[in-house]
Ligand code: NOJ
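Residue numbers (the working numbering): 82 to 573.
See below:
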C-alpha cells in the first residue's frame, strides 16, 4: 500500500460533487435552468454536496446538448441570463457549495462566429482557428464515420472528432489559445470555482498526423489523441486558472490506461482526472471495482476520482445485475467513504433507471443517431439499426429527475454517508493502511492522524458478521452484513 506524506489540503478533496445535467434538470415545479437550480439548492444543501458540476449551459444549437458551444460568453436563453447565473452562483456560495462548469474547448459549434468567419475564405483571419485540409487522412469521428467534412464554400475539409457540426479548434494556433484562456478568465472573474474540461486529452495541438492503425477491424485512436503539445496546452490552461486562488480543474481524459490518466494529473496540469475504468464498468463486478481502487492507489500519484454514473453511460441502477437497491446503497457508501473525490450524477441518489427508446424518433442523442444512420447505410434493417443505436444511446441516463420519490431509501443512505464524510477529515485525507478483497468482500482501513476507520462491503453470496473490538463504534451499516451489506466503523 502506498505510504505517502500528508495529503495537501484543498477544498475539492473535502467535497462531494453533484453533476447536474442541464438539458433535463428541472426543479420540483418543472422549472429548468438557473431558476430551477436556485430552487433546488435547498435539496442539494440537505443532501450535503459541497460542489456542483454543471454540464454546458452556454449558447448552443444543442446538436450535442450543449457540448457544441456557439458563444463562450453567453448563457443559452433556455437556461436564463448571465444575471440568473450570477444569482445562482451567489446563493450556492452562501450555502457553502462551490460550482464548476463544463468547458468544451476541444471543439466549437459550426455556428460559432469563429467558424462562420473561418469558412468564408482560405485567407480569413479566423481560418486557422480550425483544422483544414485538401486531402483527409483516415481519422474517424468518435461518434462514427469519417472525422472530415467537405466545406463546399472553400472546397476544403474541416476536422471534427465528434459531430460534423462540432468543428475541432486548432490548438497549434497561439491566437486561438489566447482566446480560450480569455474565456476561462471571463468565468473565473465572475467567481466560478473551476472547470470540468471536456475531452481534454483530445486537443488538436499538432496539426494533422499520420493515419490511425486498425486493430481487429476497428480504428485505434493512436495519432489523434494524447498528441505532442497537449500537456503544454493544459499547462497554459492551468496557469491561467491559477491566476485565481483556490480554483479547481477536473479533466475528462479519454483513456483506459491508468498510466495515461496519471500523466495528466499534477500541480501544473489537472488537479483530478476521471477514471472511467472505475466509473463506467458496464456490468457489476466487485473484483473489478476493487482492482481499480487498488490501481488508483498504486499507480496514480495524485488524488483519485470516484463515480459510478454520468450523462455518458447507462444508469448505475440499470448496470447492477441483481439486488439493486441494496447493491446501489453499498456502492454509494463505498464511494463516499473511500479515498478520492466522489461525483454523484443527478438522479443516482434516488436510484433512477435507464429509459429505453422504442422508436428512432424518440432518440435525441447525436451519437446514437449517427450510429443508426451508419447501420442503415451498411444495410441493416430499421429494427436492427434501432438495436445498434440503443447500444450507443446516451439518452438512457438523461431523463428528468422525478421529485415525487418521498422517503426514498437510497436517498437516505446517500444523505447519511455524505454527512459522515463531511464530518471527518479521515474520509478526506486518510490514507489506506489496508485495502483488500476476500470472498467477494472489499475491506479497507483508513488512517488520519490518530483516527482509524474501517469499511466492510459484502458483495459475496453469504452473510458475514463483524465482531467489533472494544472501543469500536458503528458509524454506518450493520455488523451482520447480508450480501450487498456494508459497515463503516470507527476504531478509536
Ligand atoms: C464528452 C461529453 O461528456 C459528451 O457528452 C460529449 O458528447 C463529448 N465529450 C463531446 O463534447
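Virtual Cβ for every residue (Gly too), placed ideally from N, Cα, C.
- Spell out the partners DSSP gives residue 248 in its beta bridges. Partner residues in the beta bridge of residue 248, as assigned by DSSP, are 189.
- Enumerate in chain order the residues of its own chain whose CB-to-CB distance from residue 560 is below 7 Å, with the five nearest sequence positions on each side excluded. Around residue 560: 546, 547, 549, 568.
- Task: Could you tell me which residues DSSP pairs with residue 527 in its beta bridges?
- Result: Residue 527 pairs with 513, 534.
- So which residues put a beta carbon under 5 Å from any heavy atom of ligand 1, going in chain order? Here the list is 145, 148, 243, 279, 280, 393.
- Message: Taking DSSP's pairing of strands, which residues face residue 232 in a bridge?
- Response: By DSSP's assignment, residue 232 forms a beta bridge with 237.
- Query: By DSSP, does residue 556 sit in helix, in strand, or in coil?
  - Reply: In the structure shown, residue 556 adopts extended strand secondary structure according to DSSP, grouped into three states.
- Item | In chain order, each beta strand (DSSP E) run of at least 3 residues that lies wholly inside the stretch 341-404 | The stretch 341-404 contains these whole beta strand (DSSP E) runs: 386-388.
- Item | Runs of beta strand (DSSP E) lying entirely within the stretch 273-336, each at least 3 residues, in chain order | Listed in chain order, the complete beta strand (DSSP E) runs (minimum 3 residues) inside the stretch 273-336 are 275-278, 329-332.
- In chain order, what residues of the same chain lie with their CB nearer than 6 Å to the CB of residue 98, ignoring the 5 residues before and after it? Cβ neighbours of residue 98 within its own chain (closer than 6 Å, five residues either side excluded): 132, 134, 424.
- If you follow the alpha helix (DSSP H) that residue 255 is part of, which residue opens it and which one closes it? Unbroken alpha helix (DSSP H) run through residue 255: 255-271.
- Message: Going by DSSP, what residue range makes up the alpha helix (DSSP H) through residue 207?
- Response: Looking at the DSSP string, residue 207 is not in any alpha helix (DSSP H), and its letter there is neither H nor E.
- Query: CB-CB under 6 Å to residue 315, same chain, minus the five flanking residues each way: which ones, in chain order?
  - Reply: 350, listed in sequence order.
- Message: With a threshold of 8 Å, are at least 3 pairs of Cβ atoms found where one atom belongs to the stretch 493-509 and the other to the stretch 408-419?
- Response: Result yes; three or more Cβ-Cβ pairs closer than 8 Å.
- Task: Put residue 433 into one of helix, strand or coil per three-state DSSP.
- Result: In the three-state scheme derived from DSSP, where H, G and I count as helix and E and B as strand, residue 433 is classed as coil.
- Identity of the residues DSSP links to residue 101 by a beta bridge: Answer is 135, bridged to residue 101.
- Can the beta-carbon of residue 375 be found closer than 8 Å to that of residue 516? It is a contact, given that the beta carbons lie within the stated cut-off.
- Query: Would residue 537 pass as a contact of residue 562 if the rule is Cβ separation under 8 Å?
  - Reply: Residue 537 is a Cβ neighbour of residue 562, given a cutoff of 8 Å.
- Task: With DSSP collapsed to three states, give me the class of residue 180.
- Result: Here residue 180 sits in strand by DSSP.
- residue 460 lies in the alpha helix (DSSP H); which residues open and close that run? DSSP places residue 460 outside any alpha helix (DSSP H), giving it a letter other than H or E.
- Task: Can you check DSSP and say which residues form a bridge with residue 227?
- Result: Per DSSP, 221.
- Query: What separation, rounded to the nearest whole angstrom, lies between the Cα atoms of residue 167 and residue 409?
  - Reply: Spanning the alpha carbons of residue 167 and residue 409 requires a straight line of approximately 35 Å.
- Cα-Cα separation between residue 293 and residue 221, rounded to whole angstroms: One C-alpha to the other measures close to 9 Å.
- Query: Would you say residue 170 and residue 295 are within 8 Å of each other, going by their C-beta atoms?
  - Reply: Remark: C-beta atoms of residue 170 and residue 295 do not approach each other more closely than 8 Å.
- Where the beta strand (DSSP E) containing residue 425 begins and where it ends: For residue 425, the enclosing beta strand (DSSP E) begins and ends at 422-426.
- Task: Please confirm whether residue 266 and residue 181 have their CB atoms less than 8 Å apart.
- Result: It is not a contact, given that the beta carbons lie outside the stated cut-off.
- Any non-hydrogen atom of ligand 2 closer than 7 Å to residue 384 Cβ: What this structure holds is ligand 1, not ligand 2.
- Are residue 151 and residue 190 touching if we call contact CB-CB under 8 Å? Yes.
- Task: Taking only the alpha-carbon atoms, compute the straight-line gap between residue 361 and residue 400 and give it to the nearest angstrom.
- Result: Whole-angstrom Cα-Cα distance: 9 Å.
- If you run the structure through DSSP and keep just helix, strand and coil, what is residue 573? Reduced to three states, the DSSP call for residue 573 is coil.
- Task: Can you have a look at residue 466 and say buried or exposed, based on whether 16 or more other CB atoms are within 10 angstroms of its CB?
- Result: Classification for residue 466: buried.
- So, are the CB atoms of residue 384 and residue 434 less than 8 Å apart? Taking a C-beta distance under 8 Å as the contact criterion, residue 384 and residue 434 do not qualify as a contact pair.
- If you drop the 5 nearest sequence neighbours on each side, which residues of the same chain put their C-beta closer than 6 Å to that of residue 225? For residue 225, where only same-chain residues beyond five positions count, the Cβ hits under 6 Å are 451, 452, 455.
- Taking the alpha helix (DSSP H) that residue 152 falls in, what are its first and last residues? Counting along the chain, residue 152 sits inside no alpha helix (DSSP H); it lies in the beta strand (DSSP E) bounded by residues 152-156.
- With distances taken Cα to Cα, identify the nearest neighbour of residue 570 among 338, 208, 525. The shortest CA-to-CA distance from residue 570 to any of 338, 208, 525 is the one to 525.
- Item | Limits of the alpha helix (DSSP H) - the one that residue 123 falls within | Residues 114-128.
- Nearest CA to the CA of residue 319: which residue from 214, 275, 285? Across the set 214, 275, 285, the C-alpha of 275 shows the shortest separation from the C-alpha of residue 319.
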